[in-house]
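So the sequence shown is residues 0 to 162, counted in numbering that gives the first Met the number 0. What follows is a single structure, written as structure tokens, with notes after it.
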Amino acid sequence: MAVVADIAATWRAPGAVFDRMIREGQGDDVVLIHAIIGGVLHFVAAAPAQARAAFLEPSVPVEARLFWSALLFILLLPILLWSFAMVVGGLGSLLGAPNLGRRLRLGLFWGFVAASPLALLMGMTAGFIGPGTQTSLTAALWGASVAWFFAKGALSPAWRAAP
């Protein structure tokens, strides 16, 4: 399925989307693509806030802010998310949980991509309104959605039948 259709389907029925992804046997190459797509979407979401910050504090130009934002979201964040999933998966394998690393990677990275509509809303809120209650509320909703999708993916019952 296309990424946009999968994002919309994840908001309607996250368990069904994760079950399909697990049945398709998506490997680490697809999971890495999810991380990069999520990074690009979150970079785009951060652009309005970076433009606002550059307008209010012109000592750092918007180009420099966007460069560092791209470096963070597209390059470093997937590495950090992968490292987090690796550490937790290693701890899980020490405790006897099979396939935990693969579950965590798929759940975390796809949850990151699926929550991108709220990240876009958060970026627009931060760019147009600035810091405040509205931005904090959309950030909390984004974090809750990432956590929800992560849990639905990592705890999907389809993992019992997965190879």
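Cβ atoms here follow ideal geometry from the backbone N, Cα and C, with glycine treated the same way.
Here DSSP, grouped into helix, strand and coil, assigns residue 58 to coil. Between residue 80 and residue 107, the C-beta gap is smaller than 9 Å, which places the two residues in contact. For residue 14, the enclosing alpha helix (DSSP H) has its first and last residue at 13 to 22. For residue 78, the enclosing alpha helix (DSSP H) covers residues 76 to 93. Residues of the same chain with a CB within less than 8 Å of the CB of residue 93, apart from the 5 flanking positions on each side, do not exist. Only residues of its own chain outside the window of five on either side were considered, and among them 122, 125 and 126 have a CB closer than 7 Å to the CB of residue 48, listed in chain order. Rounded to the nearest whole angstrom, the CA to CA distance from residue 30 to residue 57 is 38 Å. Linking residue 7 to residue 60 through their CA atoms gives a straight-line distance of about 35 Å. Closest in alpha carbon position to residue 140, among 82, 69 and 111, is 111. The three-state reading of DSSP puts residue 130 in coil, since its state is none of H, G, I, E or B.
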